[in-house]
Structures are given as C-alpha cells and as structure tokens.
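**Q** Residue numbers (the working numbering): 9 to 457.
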C-alpha cells in the first residue's frame, strides 16, 4: 500500500518557550496530521530528573498547553508532547496530566488521553544489568549505583509513541523520549520513507531553530515516500539548505550519523534543495536498522550545595586573578582542615568574566575590568557545606595577594553572601539497555477525560 504523506506541525522547540500565534494559525490552515512538541531535555542539568520536576513555569506551561489542546481539536489531529515536564519522569508526566485535566475542565472539552510512562524500576534494571552497556566516555557505573538514583528513565523511540497513538488518543503525553521520536512515529507508521522521517524529525525537533528568525517557533515537516520538506510558518522566516543541513550539528556528536532506538540515521547521501524562497526539500537520507537499545538516564543526590559570590575589581587583583584564587583556595583548605578536621567536601572557584564556562579550555583570555569569583561548595552533609562556605567567606572579602601588602576589600553583591543551593544532583548513566521487545519496561495508560 502506498504511503500517506504526513504533515507534522511543530509549534516551538519546547513547551514553555512560546511561538508566533499567526504562524501557528498558518500551520493549522494546512491541515496537519499531527501536532508535536518537545517538553524538555537534559540541557538544564540533572536536578530536574533528580527531583522529577519541570523547569518551566506552571502558568506559562498551562497557557501554552491550553492553546495547543485547542489547536489539536480545531485541526482534528492528535497532539503529542515528548519528555513531559522537562525530565520525562513519572511525577513530571503526572504534573502535565493534571494540567491537561484542568484545561479540559475549564474549557468544557472531552478528550482521550494516552500517557506513556518511561520510568525504569531500579530492581528490574539491576536484575537486567547484564543487558546494560556503556557508551563512549561513560563514567564507571556498577549495579549498586542503580539504587542510588532518585529517578531513572529510558528514552522511548517511535515504537512506544506509535503504540500510544494506536489507542486513538486525542492527546498523548509521553515521558522521556528521544527528541525525534514524537515527530518520526506517525510518518513511519504510515509507510513514509524511514530515513526521511528520522531526518525530518531531527531537523524539526526544535521548531524554527532550523530556519532564519528562529524565535517564530512554528514549522511544518512534510514526510512522504522519498524525502521531506521543511516549511516555516511565519511569514518572516526562511529555511535554506544551509540552515537545514546545519541542524545535524545541533546536539549531535556526529553530523552524519544519529543513533536512535533500533538503528541509526545516515545522512551521507542526503541532498538539500531550496524548493522555494522559504522551503527546503531533503532526499537521500538512510535509516539503518540495528539492535534495539534504549538510552538510560538517571540522577542522584551528589551532596548539598552552597554558593558565594564576590566581585573583584582592583586592577592588580584582576590581573593576577589566577594567582589570587589559587592562594585563596589553598589557604581556605588549610583553615578547613585545622578547624573542621578530615571532612568530605568539594570547593571550586569559578572566575565569571574570565573563564567560568570553559575553564582551562578557554581559547582567548583578555584582562576584564572586573571578575566575579563564585565559590561553590558541595558536601555530603548540609551543615558541613555551610561551615566550609563560612570559612571561605572572610577570605573572599579580604584575602591579599601577599602577606606584606595592605588588607584588600572586595565586594559582596548581597548579604549574606552564602546562598543555599540545596541538594545538588549528578547524572549517573551514559549507557544503553538492550530490549527484546521495544515495549519492555514502558507502560501506557489511556484515560477518557
């Protein structure tokens, strides 16, 4: 049976970022087969997965989600969100489900909702540890580490999303999925070219980020038997062969190969052609089937965090900031050992305005007017972290470069300078889990609201 060309409307790179309303209406006028939007990622660090919460404002999320529920109802097509609540953990999925119930109740609508849970049971994962393999660069992880995680999820692929859509749901709320899976699932189900479906999904995952005027948000990915077409919906936005091809560099260690559950996308032979002054046509992408594995993500508490910030503006100290920080840290560590004994903690000084982001990898360092020195303390016990930060406090304010010179005074931008960051989380896995059945460990609930 011939495939059915499939139009996927992507309103934005993530739920919570907003979009151009006129562009969304233009997309709806083209009769999409599916509206799909990402709900999160690991971009903002491990705390959201560790805590099982969203990074986005509830009010903002509710307003945008209500608009998309309305859009899906008017278009007569399913609405799918992936990685709900930023992290895709079950608690974050339930958070968005609660918002969905509220929106439906307030608007007097009824809907069938399919909920895809991607959480992994720690005991079951530990029992299947022989099926877990590290990816390149993975940290050393043992089966005992599984129990230390506060949340563990597996990244769903197209099969799990297809199963949720097969329920006939109007709204599909997914836990942790690959960014591409929610866009590729329906075209592949309909028999469209699998390489085109995966490639189009990768290009479209972040909405108009693959176009000029990326903040407009809304794009359409149309997939058929031979390729896909990218069309931005805002009048001011343009897709070009360069902007579309460049998106394979985005969040991808290899711009040619993209691994997904069940295989990989190979864009070696892909061609990019301007179909108009706004749209781009792509053909030649190849999907290569392989073993079915899903990536694992887990997070755990690494300790309790305290942060202090001091502003260093004296030109002499700014010019010698490396020496000053090294001297201050050494003096602080001596004091901590003298006053507190052999306690476990981590102390790091980051020079904001100099190299706080890249550290030793900073390629070009000019002398700025001032440097903000951020002291970060992480310790297993909150009280130890607080004590260490307070030992560091007077040194941040008055530590001299040499013992002979007058005592300097720097600037705390707030008082007290210690900010309690609470529990600090770390990612645990960079591993994949082999599955015999793509649905192993995944769970779908269908609810009529």
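Beta carbons are placed, not taken as given, at the ideal position from N, Cα and C, and that holds for glycine.
All values derive from a computational prediction rather than experimental measurement.
Within 10 angstroms of its Cβ, does residue 176 collect 16 or more other Cβ (buried), or is it exposed?
**A** Indexing the chain shown from 1 puts residue 176 at position 168. Per the 10 Å Cβ criterion, exposed.
**Q** Assuming residue 208 and residue 236 form a contact by the criterion Cβ under 8 Å, report the distance between their Cβ atoms to the nearest whole angstrom.
**A** As a position in the chain shown, residue 208 is number 200, starting the count at 1. As a position in the chain shown, residue 236 is number 228, starting the count at 1. Yes, they are in contact, since the Cβ atoms of residue 208 and residue 236 sit about 3 Å apart, within 8 Å.
**Q** Let me know the secondary structure DSSP gives residue 437 once reduced to three states.
**A** Walking along the chain shown from the start, residue 437 turns up at place 429. Looking at residue 437 - three-state DSSP - the assignment turns out to be coil, as it is neither helix nor strand.
**Q** When DSSP builds the beta bridges, which residues end up paired with residue 94?
**A** Here the question's residue 94 lines up with position 86 in the chain shown. DSSP output for residue 94 lists 48 as bridge partner(s).
**Q** Alpha carbons only, please: which of 430, 457, 446 and 34 is nearest the one belonging to residue 227?
**A** Stepping through the chain shown from its first residue, residue 227 is reached at position 219. Measuring from the Cα of residue 227, the nearest candidate turns out to be 34.
**Q** State the start and end residues of the unbroken beta strand (DSSP E) segment that holds residue 335.
**A** In the chain shown, the residue the question calls residue 335 occupies position 327. Per DSSP, residue 335 belongs to no beta strand (DSSP E); it is in the alpha helix (DSSP H), 329 to 348.
**Q** Around the Cβ of residue 179, are there at least 16 other Cβ atoms within 10 angstroms (buried) or fewer (exposed)?
**A** As a first step, residue 179 is located in the chain shown; it is residue number 171 there, counting from the start. So residue 179 ends up on the buried side.
**Q** Report the CB separation of residue 446 from residue 300 in whole angstroms; it is logged as a contact under 8 Å.
**A** On the chain shown, position 438 is the one that residue 446 refers to. On the chain shown, position 292 is the one that residue 300 refers to. The Cβ separation is near 6 Å, so the contact holds.
**Q** Residue 138 to residue 443, Cα distance in whole Å?
**A** Counted from its first residue, the chain shown places residue 138 at position 130. Counted from its first residue, the chain shown places residue 443 at position 435. C-alpha separation (whole angstroms): 12 Å.
**Q** Can you tell me whether residue 375 is buried or exposed? The criterion is at least 16 other CB atoms within 10 Å of its CB, across all chains shown.
**A** Residue mapping note: residue 375 aligns to position 367 of the chain shown, counting from 1. Result: exposed.
**Q** Do the stretch 155 to 167 and the stretch 217 to 226 touch if we need at least three Cβ pairs shorter than 8 Å?
**A** No, they do not touch.
**Q** Does residue 429 come out as helix, strand or coil in the three-state DSSP assignment?
**A** For this step, residue 429 is matched to residue 421 along the chain shown. If DSSP states are grouped into helix, strand and coil, residue 429 belongs with the strands.
**Q** Report the rounded CA-to-CA distance for residue 325 versus residue 406, giving the unit in angstroms.
**A** Along the chain shown, one-based indexing puts residue 325 at 317. Along the chain shown, one-based indexing puts residue 406 at 398. Cα-Cα distance, rounded: 12 Å.
**Q** To the nearest angstrom, how far is it from the Cα of residue 246 to the Cα of residue 352?
**A** Locating residue 246 in the chain shown gives position 238, counting from the first residue. Locating residue 352 in the chain shown gives position 344, counting from the first residue. Approximately 54 Å between the Cα atoms of the pair.
**Q** Does the contact criterion of 3 or more C-beta pairs under 8 Å hold for the stretch 293 to 312 versus the stretch 261 to 270?
**A** Touching, yes, given that three or more Cβ pairs across the two stretches are closer than 8 Å.
**Q** So, is residue 377 buried or exposed, given that buried needs 16 or more other C-beta atoms within 10 angstroms?
**A** Along the chain shown, read from residue 1 onward, the residue named residue 377 stands at position 369. Classification for residue 377: exposed.
**Q** Taking Cβ positions, are residue 119 and residue 112 nearer each other than 7 Å?
**A** Numbered from 1 along the chain shown, position 111 holds the residue referred to as residue 119. Numbered from 1 along the chain shown, position 104 holds the residue referred to as residue 112. Yes, Cβ-Cβ distance for residue 119 and residue 112 is below 7 Å.
**Q** Less than 7 Å between the C-beta atoms of residue 196 and residue 189, yes or no?
**A** Residue numbering aside, residue 196 sits at position 188 when the chain shown is read from its first letter. Residue numbering aside, residue 189 sits at position 181 when the chain shown is read from its first letter. No, these two residues do not count as a Cβ contact at 7 Å.
**Q** Following the continuous alpha helix (DSSP H) through residue 58, name the residue where it begins and the one where it ends.
**A** Numbered from 1 along the chain shown, position 50 holds the residue referred to as residue 58. Start and end: 55 to 59.
**Q** Below 7 Å CB to CB, which residues in the same chain sit around residue 171 once its five sequence neighbours on both sides are set aside?
**A** Against the chain shown, residue 171 aligns to sequence position 163. For residue 171, where only same-chain residues beyond five positions count, the Cβ hits under 7 Å are 447 and 452.
**Q** Using three-state DSSP, classify residue 125 as helix, strand or coil.
**A** Here residue 125 corresponds to residue number 117 of the chain shown, with the count starting at 1. The answer is strand: DSSP assigns residue 125 an E or B state.
**Q** Using three-state DSSP, classify residue 312 as helix, strand or coil.
**A** In the chain shown, residue 312 corresponds to position 304, counting from 1. Residue 312 falls in the strand class under three-state DSSP.
**Q** With a floor of 4 residues, list each alpha helix (DSSP H) that falls wholly inside the stretch 194 to 218, ordered by position along the chain.
**A** Runs found: 202 to 212.
**Q** What are the residues that DSSP puts in a beta bridge with residue 63?
**A** Taking the chain shown and counting its residues from 1, the one referred to as residue 63 is at position 55. Bridge partners of residue 63: none, in fact.
**Q** From the DSSP output, in three-state form, read off residue 9 for me.
**A** Residue numbering aside, residue 9 sits at position 1 when the chain shown is read from its first letter. Bear in mind that a pLDDT of 48 at residue 9, under 50, signals an unreliable position, so the number given afterwards is only what the model happens to contain. Looking at residue 9 - three-state DSSP - the assignment turns out to be coil, as it is neither helix nor strand.
**Q** Taking the alpha-carbon of residue 20 as reference, which of 218, 394, 346 and 315 has the nearest alpha-carbon?
**A** The sequence position of residue 20 within the chain shown is 12, counting from 1. Checking every option, the nearest Cα to that of residue 20 belongs to 218.
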